[in-house]
Amino acid sequence: MGTACKQVIADVLAETAPKDKDLLVLCSDSRGSGSIGPFYDKFPAQAIEVGIAEQNLVSISAGLASCGKHPYAISPASFLSTRSIEQIKVDVCYSKTNVKLIGISGGVSYGALGMSHHACQDIAMVSCIPNIRVYIPSDQYLTRFMMEKLVKDQEAAYVRVSRNATEDVYTPETKFEFDKAVLVKDGTDATIIAVGEFVSRAKKAAEILAEKNISVRVLDMYCIKPIDKEAVIKAAQETGHIVTVEEHSIIGGLGSMVSTITAENAPCKVKVLGLPDAELICGTQEEIFEHEGLTPEGIASEVEKLIGK
Amino acid sequence: MNAKQLKDKANTLRIHVLDAIYQAGTGHIGGDFSVIDILTCLYNGVMNVSPETVDDPDRDRFVLSKGHSVEAFYAVLADRGFFPMEDFLGTFSKLGSKFIGHPNNELPGIEMNTGSLGHGLPVGVGMALAAKLDKKDYRVYVVLGDGELAEGSVWEAFQAGAHFGLDNLIAVVDRNMLQISGNTEDVMASGNVADKLRVYGWDVVDVQDGNDPAQLLKAFEHCKERAGKPHAIVAHTIKGCGVSFIQNQAGWHHHVPNKEQYEKAMQELKGLVK
């Protein structure tokens with residue numbers, strides 16, 4: 644097992660804080676969940692607690708950013724992306740403030756806590772607002788690469804990570820390009836485009852299919868917005884079949900975006916996998932995935948169905 | 019500028035606001051006329067900001083949380099030279115104009131975009147906090163409407179302002195007792211705002227006539243002198259102040275005058291400017 648992406652975010656922020664005195668971390672009684680408690684202990688002058696007030700969290704961050712600060716608002720993705728959506732829209736996006744929103748415990752990380760704590764709408768909610776980027780990194784190495792870029796730039800971004808440790812997909816030597824999909828594995832018969840938790844599962848699905856002589860390309864679309872349109876079109880043209888997988892409602896997320904790109908540029912068969920438009924069953928994150936058929940085997944089976952084998 | 023000169027200026031700017039709204043066929047005249055004396059005071063002596071210092075890190079910050087009163091805001095900024103008055107009057111609300119019907123921070127002198135209520139004070143808390151962290155002396159002024167006090171996010175910010183001890187933050191409540199649907203106390207009672215804010219830990223000044231620059235200047239001066247707590251000025255204003263048939267009428271929240279009303283209002287306002 645790898646490392647939790649939220650831990651890597653906390654590490655990069657702690658490494659950057661001494662060099663960037665304007666860097667601030669803000670939490671809404673969410674330090675523990677964000678693994679950011681040690682940052683508060685080490686850099687008290689760069690750490691702010693706003694209490695359980697997510698709307699205020701985002702607006703205060705925007706006010707700080709408008710005065711030259713570099714705020715990182717860390718809060719559970721469920722609350723940050725929906726309770727504070729208007730603050731994101733008006734105070735961050737419309738006013739163009741450099742606020743980095745870190746949604747922790749994304750998707751169904753809080754599995755058994757129910758729909759109030761699930762963040763399965765955040766990609767749809769945040770992505771359709773102008774002036775903000777959206778990222779869902781898949782492992783510790785990609786998270787570090789992404790964070791090291793974000794701490795240097797001056798534009799708003801929403802980053803969603805899971806609560807648990809995420810299996811390594813890459814190695815310390817892997818070379819990434821910012822805002823470009825990562826080619827995890829090349830293939831010719833179909834492409835699985837995945838984000839976050841599902842990249843490692845997509846890779847395993849491709850391995851299962853390889854044993855059946857089905858050659859599958861796997862793309863990690865960690866940059867949900869700006870999405871790597873070119874990589875999607877290339878996948879459609881070269882492999883003719885695309886399966887998308889995400890820890891998000893099948894409405895309005897990665898699958899919707901990929902479908903629009905293929906429909907407009909390179910029509911091909913697309914299957915959107917994700918969480919259904921329904922209340923989810925009570926269980927752990929892993930159990931919910933299994934219940935919804937979102938296992939390497941389940942994904943592989945959907946690829947087979949799509950290509951007609 | 020003394021109180022008399024400020025009042026004359028505010029009344030002159032009311033004429034520009036009336037022109038802008040009449041020509042554009044849109045606007046929020048009631049709130050504009052309610053708040054314009056407050057804005058005139060802020061930008062003509064109270065705040066440390068000018069067209070030359072719009073990017074100065076030490077400038078005072080201002081957020082118009084009741085963003086619908088933007089016509090008054092544009093008129094006051096234009097008068098102070100942040101942009102030409104004719105640009106505002108000539109293009110307000112027209113296709114492609116930067117003079118949108120709520121504050122647009124692509125215009126010089128406007129810090130933040132507002133429009134949806136309940137955003138300005140939380141943003142102001144962030145700005146005031148930034149000043150404290152940077153050990154800078156600038157102040158942050160936020161003007162809120164009284165109907166806006168029904169938004170819960172406002173109270174998150176009142177709580178945070180006191181918690182962080184932001185004595186560089188001044189919230190002005192334009193307490194005109196009216197909102198789009200009627201009297202604030204009928205729609206959602208705010209009651210004694212000053213008492214509520216004192217309980218929240220704010221230093222509060224109740225200004226009996228919030229359309230009187232003399233009383234407003236005194237209140238702003240008080241805020242500059244007191245340390246330790248954030249400041250709230252509850253300015254008891256008259257919505258639509260300055261025109262007999264517009265003032266204290268909820269219907270004039272965003273009513274646009276017809277030709278006859280425009281001429282009558284213009285005549286009354288010109289009579290106020292000596």
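Protein sequence lines correspond, in order, to chains P and L.
Start counting the first sequence at 644; every next residue gets the next number (my numbering).
Start counting the second sequence at 19; every next residue gets the next number (my numbering).
All C-beta atoms, glycine included, are put in the ideal place defined by N, C-alpha and C.
Look at the alpha carbon of A268 of chain L and the alpha carbon of I198 of chain L, and state the distance between them as a whole number of angstroms.
6 Å
Are G49 of chain L and G163 of chain L touching if we call contact CB-CB under 8 Å?
yes
Alpha-carbon to alpha-carbon, A96 of chain L and D55 of chain L:
15 Å
Identity of the residue in L:P231, L:S68, L:S262, L:A245 nearest Q279 of chain L by Cα:
L:S262
For I876 of chain P, which of helix, strand or coil comes out of DSSP?
helix
Taking the runs of the beta strand (DSSP E) that are 3 residues or longer, which of them lie wholly in the region 178 to 230 of chain L?
187 to 193, 221 to 225
Are the Cβ atoms of A178 of chain L and V735 of chain P separated by less than 8 Å?
no
For T71 of chain L and R77 of chain L, believed in contact at Cβ under 8 Å, the rounded distance
5 Å
Would the beta-carbon of V742 of chain P fall within 8 Å of that of A799 of chain P?
yes
Report the rounded CA-to-CA distance for Y92 of chain L versus S208 of chain L, giving the unit in angstroms.
28 Å
Quick one: list the residues of chain L neighbouring D672 of chain P, beta-carbon separation under 7 Å, in chain order.
Ordered by position in chain L, no residue passes the 7 Å Cβ test against D672 of chain P, which lies about 13 Å from the chain.
Whether I728 of chain P touches V804 of chain P by CB criterion (8 Å)
no
Identify every run of the beta strand (DSSP E) within the region 875 to 935 of chain P, keeping only runs that are complete inside it and at least 3 residues long; order them along the chain.
884 to 892, 912 to 918
Using a beta-carbon distance below 8 Å, is E729 of chain P in contact with chain L?
yes
Going by alpha carbons, who is nearest to Y813 of chain P out of P:R776, P:K846, P:I835, P:K912?
P:K846
Go ahead and label L36 of chain L buried or exposed: buried means 16 or more other beta carbons lie within 10 angstroms of its beta carbon, across all protein chains shown.
buried
E881 of chain P versus I942 of chain P: straight-line alpha-carbon distance, rounded:
20 Å
Buried or exposed by the 16-neighbour rule on C-beta atoms within 10 Å, applied to S676 of chain P
buried
If distances are taken between C-alpha atoms only, which option among P:E890, P:S678, P:C771, P:H761 comes closest to R844 of chain P?
P:E890
G694 of chain P in three-state terms, based on DSSP
coil
Is the region 170 to 187 of chain L touching the region 134 to 154 of chain L, taking contact as three or more C-beta pairs under 8 Å?
yes
Could you tell me whether the Cβ of L184 of chain L comes closer than 8 Å to any Cβ of chain P?
no
Can you give me, in chain order, the residues of the region 705 to 721 of chain P that have a beta carbon less than 9 Å from any beta carbon in chain L?
A705, G706, L707, A708, S709, C710, G711, K712, P714
Checking contacts by CB at 8 Å: is L295 of chain L closer than that to chain P?
With chain L covering only 19 through 292, there is no way to say anything about residue 295 of chain L.
Using a C-beta to C-beta distance shorter than 9 Å, which residues of chain P count as neighbours of P126 of chain L?
Within chain P, no residue comes near P126 of chain L; the closest Cβ sits about 15 Å away, beyond 9 Å.
Does chain P have any CB closer than 8 Å to the CB of E166 of chain L?
no
Does any residue of chain P have a CB that is nearer than 8 Å to the CB of L215 of chain L?
no
Please list, in chain order, the chain P residues whose beta carbon lies closer than 8 Å to that of L147 of chain L.
I691, I703, G706, L707
Buried versus exposed, by CB contacts within 10 Å (16 or more), A237 of chain L
buried
Does any residue of chain L have a CB that is nearer than 8 Å to the CB of S752 of chain P?
no
Ordered list of alpha helix (DSSP H) runs contained in the region 41 to 89 of chain L, each at least 4 residues
47 to 59
With respect to the beta strand (DSSP E) encompassing R860 of chain P, which residues constitute its N-terminal and C-terminal limits?
859 to 863
Which term fits F788 of chain P, buried or exposed, when burial requires 16 or more other beta carbons within 10 angstroms of its beta carbon?
buried
Determine the closest residue to K664 of chain P out of L:F117, L:D152, L:F51, L:N20, with distance taken between C-alpha atoms.
L:D152
Roughly how many whole angstroms lie between the Cα atoms of S770 of chain P and G750 of chain P?
15 Å
Alpha carbon to alpha carbon, what distance is there between I857 of chain P and E850 of chain P?
9 Å
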